[in-house]
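Have a look at the structure below before the remarks.
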Amino acid sequence: MADVVATAEIPEIVPTSLLNDQQRVALLRWMLHARIFDEVTIRLYRQGKMFGSVFAQIGHEAISVGSAAVLQPEDAIFPMHRDLGAHFVRGVPLRTIALNHLARQGSMMRGTDGTGHYADPQRKLYGNISHLGAMIPVAVGYALAAQLKGEPIVVLNYIGEGGAQTGEFHEGLNFAAVRKAPFVLIIENNQYAYSTPTTEEYACKKLSDRAIGYGIPGETIDGTDVERVYEATFYAVERARNGEGPSLIEAICMRMRGHAEHDNASYVPRELLEYWKKRDPLLRYQRFLIDNGILSEAEIQQMRREIEAETVRVLDDVLQLPFPPAEEAFKNVFL
Amino acid sequence: MADVVATAEIPEIVPTSLLNDQQRVALLRWMLHARIFDEVTIRLYRQGKMFGSVFAQIGHEAISVGSAAVLQPEDAIFPMHRDLGAHFVRGVPLRTIALNHLARQGSMMRGTDGTGHYADPQRKLYGNISHLGAMIPVAVGYALAAQLKGEPIVVLNYIGEGGAQTGEFHEGLNFAAVRKAPFVLIIENNQYAYSTPTTEEYACKKLSDRAIGYGIPGETIDGTDVERVYEATFYAVERARNGEGPSLIEAICMRMRGHAEHDNASYVPRELLEYWKKRDPLLRYQRFLIDNGILSEAEIQQMRREIEAETVRVLDDVLQLPFPPAEEAFKNVFL
Amino acid sequence: MPTMTLLQAISDALRYEMRRDERVFLLGEDIAEFGGAFKVTKGFVEEFGKQRVINTPISEAAIIGGAIGAALNGLIPVAEMQFMDFITNGFNQLVNVAATTAYRWGLPVPIVVRGPVGGGMSAGPFHSRSAEAWFAHTPGLKVVFPAFPADAKGLLIAAIRDPNPVLFFEHKGLYRKIREDVPEGEHVVPLGTARIVRPGADLSIIAYGRMVHIALEVAARLEDEGASVEVVDIRTLVPFDEATVFDSVKRTNRVVITHEATLTAGFGAEIAARIADKAFEYLDAPIRRVAAFDAPVPMAPPLEQAMLPSAEKLLDTCRQVLEY
Amino acid sequence: MPTMTLLQAISDALRYEMRRDERVFLLGEDIAEFGGAFKVTKGFVEEFGKQRVINTPISEAAIIGGAIGAALNGLIPVAEMQFMDFITNGFNQLVNVAATTAYRWGLPVPIVVRGPVGGGMSAGPFHSRSAEAWFAHTPGLKVVFPAFPADAKGLLIAAIRDPNPVLFFEHKGLYRKIREDVPEGEHVVPLGTARIVRPGADLSIIAYGRMVHIALEVAARLEDEGASVEVVDIRTLVPFDEATVFDSVKRTNRVVITHEATLTAGFGAEIAARIADKAFEYLDAPIRRVAAFDAPVPMAPPLEQAMLPSAEKLLDTCRQVLEY
Ligand SMILES: Cc1ncc(C[n+]2csc(CCOP(=O)(O)OP(=O)(O)O)c2C)c(N)n1
Ligand SMILES: Cc1ncc(C[n+]2csc(CCOP(=O)(O)OP(=O)(O)O)c2C)c(N)n1
Ligand SMILES: [Mg+2]
Ligand SMILES: [Mg+2]
């Protein structure tokens, strides 16, 4: 893999006619939000000020942002653990995200859980659980219910290429296909499942080829090109909304950090990271926007500064907050 | 489905150059054994003399017999619940089969379980458990162990098209593919999972297309042509033995009886059964052997009579035997 | 009041709830045209259509996970396991997704997972398991195990209306065997209420499911021997009605607990432990349990009868405790 | 004797067995070059190669099922769950295949499934569960839960040599916290033997896993209050060493049982039930249990501390029982 990649080209951003410039700026803003949240929490983690794990999603921003941006507010989204971008797209306030991630007083999860595991039913966002694959059947069931109720919504769900090897991936996707559920599944193939390279996870060329075995469309795309992700998701969502059933999209990217911040990822070959650094979804999109006169370098820097200041402020703030009180432990086991 | 099929042709037996006439006669004998065992147990069931369920495999004989016949004695086989033919091919005595099916004293399972759930480790035959799909990872593990030990054996495993929708199908087959385990999986697609037609089980055209998503060869074949089954299995087994990894074969057939004998299968369209009756794997092979001068009608009838007499005698005999004594219940929970 | 079998009462509850509330729908293997392996949903597809009576692939994780997702989207799914044994293939969905959603998200997951359990019909190790204790040990799941048709109806209706995930165990040996008058229409038995099915003064048998009937048989035989035996049907394991059980023990001072599940770490242990803690001073004899021998459920009748708890074993144990 | 942490002792047992018997091999997620999430198998791939230290896809059913199959073909697999919580995804393989094979086929399934469990480090509901009772209630599975490094080594070696499937629970809170002398080389602790880790006369605390250490702490504090408290580490849940436990209770006449798993239908109930049956006449006080509150394990420290059993709660309960 490392050899193949070292000599590989950096693909150009393939602009889609589905987006206007205002939307493009929004995409960048969400990607910046995600990237900066990671940068700030990584810093806090190093300073020993974080709580819980930091699953950075650096390298994934184009996937969660480009796909979530396609959805309507009524559509539902079931992100995985590197989809912070999608949370921003759905309009979850930074403070809410921070409260939940850090399990602080005021978190929707009352301290029972943390990271991105929360649900925001108003925004139709349902977080993952740790068990990889578990949310696929659940997201399919959500889509099935919409179908039964005659509501024209679509459910967008994500899984890592590692999680795609779970039994629940198979059962969920097959069930969706049989019922023609309005369901789109994006595999975020970031080359590793924790320390395990794709060669030890599966043996097919493209994971989107799994779609053939479910009788649904499948496509493998550049997951570092937010426009490409938007476009592929757009057609899959349209298809689902039209009652034509689910689709599978494999978006290729690279996990640019360790599995979580405790992991220095020394098992990842240097050249691989070098290559993918050049394919950074955020930087390339910034360049694209500048080259096309949509934003200036200065405007982007300004945006960055604002988001960074806000992120630092919110995280610092939230870190000052106490954890929820002990009594919360005894509530809501049953409703 | 029913419409498509009503006008469909009955395929000719496609003779394989891999078989000589002596082997062909053996194939017929095993198929007859399987068929007659079903006929006799169905009769006993109707007379209220059977014990446990009768999962007839009428319509499946070419699959279990044609594939199992490829194996060497050192190879291992993990049949499903309609693979009685494979038990005969492996050389399990009729009496042993009957003792186990009927959970009688002398059964290898000591009365703890019945039907084809037994294992005969000498013959490298490991029965299924009821939970569909469960034996796939187990069979893969068996193959993996052979690989680790450097033993050039192959593991042949079977699953219904219904069982192919379980998570364990996915996890098992993917694991086999990643490890290039010497493993061959045959999906016996008999159009129904209990009452559920294939349209409510999966949405792809051919289940062998699932192989693409595992990066292994896949092929859909006529499961009513024992020569075709032999040939397809032969090349898959050869490939596995050469260290080239697993294969997936989908063998198309029809379940000619109910799910088990309590079920009159009224949900199956008449025309479908009419069509498949003409495609009977046993009768067509008999005709083929006669047409090619390999056996005469009379010889076949003679064979049939002998096997039937033996089957009736053994089953009658075994049915006279007591169940194992109660004390067996308390043994072997742990070894 | 019509007379119904346990099976009919369960069908009746499902039909009643589906008529009353169009959010209720069913999913499972072979439940549509075929009406399910035990015919609990026979005729349902004709009345409610294939949208509300959904045949699924053989994918228990998809069935249970799908039910959870549909519940999150406002529906009330009742999932059938063809045999409860197969719940092991959807185990993760129940214990990790369904059981934690209220706690973590504050959102209701009003699903019911129901199906046949239990032994006694030579169905072998994979069609006979009594698995309720796994779920009773999983906070966030309710566990119901009726013994009588009227209770089955009332409890199933309560389970469907409960905002929490409920496991509903139906002993297949009782499906067509037990018959009684069942209230027509609305009939709710609140979860978490035990019932004294036979009052007595000298000994309490605490039971659920099929063992309630065996306990009644044993109580009748002991009456002939001059002992007055109370039988308490706990009906739901979670929530557990401590008050009724403790009250019984406090009156009789002797207790035998029985279930068909295997002994070790079965739910009977929990009942015994609670009594040994909170009703300790009322006990005049050791707490005994009568349960299955710790083994898979074997198929051949002599083995199965030996492995499962029987009236004889229960009778014997009751005599010992009475004589203690 | 070298001093080892619990984690080192576990690595040592694995290494020792792999050197001794080439049929022993490992499989699990990230266990090869990476050495596993907790580094139990660090350096193993270098010594034993990628054939005997197998990285798997994220497929717990394939890991456990694969182990079973390899065992049927003559090898001795030790499967790691990255966290024992994920065993729910391979549950069916354990309870239906592994647990029934000896009974049905008379064939050994010498697998060990091991991995980290337990709470106390803010790891949340999906990385903290203590799931041993599910398996203790499944006949055909052995269940081991060591508290000390030397025991962990000796029990793991015994587990690997056992012809039956064994679940081996390692409390991750003890991995690097507990350190003691561990015999080099051969060291076997037979499964099914409890150990009195502190003798006493007035009260028996029956514990396993992390709670043994808390029990010792509590016993020390009670000594200052003039009470002599015995601590029994059961070490294996299945098989269960009744003799040692009963003997202790018969001497002290008072008992408190504790585990980190949630209370209801936890293994403590089984211990209580057995004592309430077979050691009833020796009891001078109710049997009390100290366990986790019936909820998922929450993440935020105040909640988690409140939910898990603590030294304070154990102390309190012991005082009550002593004063009874
Ligand atoms: C069922 C299950 N098994 C194991 C784990 C432990 N685990 C957490 S993340 C991870 C790797 C995930 O890889 P992938 O799905 O590719 O997502 P990525 O982290 O690479 O984005 C593993 C093995 C888990 N969470 N769930
Ligand atoms: C995991 C699981 N779920 C449900 C069942 C109940 N069941 C037994 S056989 C069967 C249908 C099997 O269909 P298929 O795999 O196509 O095999 P066939 O009987 O058609 O040969 C079902 C649903 C089971 N045995 N295992
Ligand atoms: Mg990955
Ligand atoms: Mg079928």
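Protein chains in written order, with our numbering: chain Z, 2 to 336; chain H, 2 to 336; chain D, 153 to 476; chain F, 153 to 476. The beta-carbon is built from N, C-alpha and C at its ideal position, and this holds for glycine as well.
Query	Result
Z/S248 - containing beta strand (DSSP E), residue span	S248 to I253
Segment limits, alpha helix (DSSP H) that includes D/S280	Premise fails: D/S280 is in no alpha helix (DSSP H) and is neither H nor E.
Contacts of H/E172 in chain F (Cβ-Cβ under 7 Å)	S211, A213 and A214
Local Cβ density within 10 Å of F/M233, reported as buried at 16 or more and exposed below that	buried
Cutoff 7 Å: F/N248 Cβ touching any chain H Cβ	yes
Residues that DSSP places opposite F/V295 in a beta bridge	F/L319 and F/V390
For Z/L157, the first and last residue of its enclosing beta strand (DSSP E)	V156 to G161
Amino acids of chain H, ordered along the chain, whose beta-carbon sits closer than 8 Å to that of D/H279	S131
Under 9 Å by beta carbon: chain H residues contacting F/A254	N333, V334, F335 and L336
Interface flag, F/F419 vs chain D, CB-CB below 7 Å	yes
Spatially closest choice to F/V295 from F/P301, F/A302 and F/E284, by CA coordinates	F/E284
beta-carbon H/L133 near ligand 2 non-hydrogen atom, thresh 6 Å	yes
Residues near H/F289 in its chain [Cβ-Cβ closer than 6 Å; skip 5 each side]	I14
is_contact[F/Q472, chain H] using C-beta, thresh 7 Å	no
Distance between Z/A237 and Z/L28 (C-alpha atoms, nearest Å)	19 Å
Residue of Z/S68, Z/W31, Z/T17 and Z/I308 minimising C-alpha distance to Z/S248	Z/S68
CA-to-CA distance, D/L179 to Z/C254, given in whole angstroms	37 Å
Buried or exposed (CB count within 10 angstroms, at least 16 for buried), D/V473	buried
Paired residues, beta bridge with F/G180 - DSSP	F/N207 and F/E232
Nearest-angstrom Cα separation, counted from H/A77 out to H/R242	12 Å
Test: Z/Y215 CB closer than 7 Å to a CB of chain H	yes
Contacts around Z/M2, its chain only, beta-carbon distance under 6 Å, and the 5 residues preceding and following it disregarded	With a pLDDT of 46 at Z/M2, under the threshold of 50, the modelled position of that residue is not reliable, and the figure given next carries that caveat. Hits under 6 Å: none found.
Spatial distance of F/A371 from F/K465 (CA atoms)	13 Å
Spatial neighbours of Z/G92 in its chain, beta-carbon cut-off 8 Å, leaving aside the 5 residues before and after	R124
Extent of the continuous beta strand (DSSP E) to which F/V261 belongs	Careful: F/V261 lies outside any beta strand (DSSP E) and carries neither H nor E.
Limits of the alpha helix (DSSP H) - the one that Z/G86 falls within	L85 to V90
Alpha carbon of Z/A120 to alpha carbon of Z/M109, nearest angstrom	8 Å
Distance, F/F177 Cα to H/A182 Cα	16 Å
N-terminal and C-terminal residue of the beta strand (DSSP E) that D/M156 is part of	T155 to T157
Buried versus exposed call for H/Q148 [16 or more other C-beta atoms within 10 Å across all chains shown]	buried
Neighbourhood of H/D4 by C-beta distance below 7 Å, restricted to the same chain and skipping five residues each side	Residue confidence for H/D4 is low, a pLDDT of 47 falling below 50, so the modelled location carries little weight; the figure read from the coordinates is stated next. Nothing meets the Cβ criterion.
D/V247 to D/A311 span [Cα, whole Å]	18 Å
DSSP three-state assignment for H/I188, whether helix, strand or coil	strand
Secondary structure of H/H171, DSSP reduced to three states	helix
Proximity of Z/V71 and Z/T234 at Cβ, strictly below 7 Å	yes
Contact with chain H by F/I104, beta-carbon distance below 7 Å	No answer is possible for residue 104 of chain F: the residues shown for chain F start at 153 and end at 476.
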